[in-house]
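In what follows, a structure is listed as structure tokens, so that the remarks can point back to it.
Numbering (my numbering), first residue to last: 381 to 478.
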């Protein structure tokens, strides 16, 4: 995988609930994209992804996602990630009730 100098976050799904999670330094997960740790260094991005992939009892499908780094926290830079951040689309619950 080739990494560019863009801002990234590590995202995965909670193994038990399936909820979308984002890595927050140091070594914790949050369901809120705005609270995710933004990574701008390619070596740190690789290490953070390796950390996430090394937690098979907690999360699955970890990958790096491009974000737009804003004052109030990162924002998804692609529709897919915006869609994922709102939770499952089959009915209104959780993050979609707000």
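Glycine included, each C-beta is placed from N, C-alpha and C at the ideal position.
Keep in mind that this is a model prediction, so the values were computed, not measured.
Mind checking which residues open and close the alpha helix (DSSP H) that includes residue 464?
459-465
Can you tell which of 427, 454, 452, 448 has the C-alpha that lies nearest to the C-alpha of residue 442?
427
Closest Cβ-Cβ distance between residue 421 and chain B: below 9 angstroms?
Any reference to chain B falls outside this structure, which holds one protein chain only.
Can you tell me whether residue 436 is buried or exposed? The criterion is at least 16 other CB atoms within 10 Å of its CB, across all chains shown.
exposed
With distances taken from CA atoms, which of 405, 438, 465 is nearest residue 445?
465
If residue 429 and residue 390 are in contact, beta carbons under 8 angstroms, what's the gap, nearest whole angstrom?
6 angstroms
Roughly how many angstroms separate the alpha carbons of residue 414 and residue 448, rounded to a whole number?
11 angstroms
Can you check whether the CB of residue 395 is closer than 9 angstroms to the CB of residue 411?
no
Can you tell me whether residue 419 is buried or exposed? The criterion is at least 16 other CB atoms within 10 Å of its CB, across all chains shown.
Residue 419 is buried by the Cβ-count criterion.
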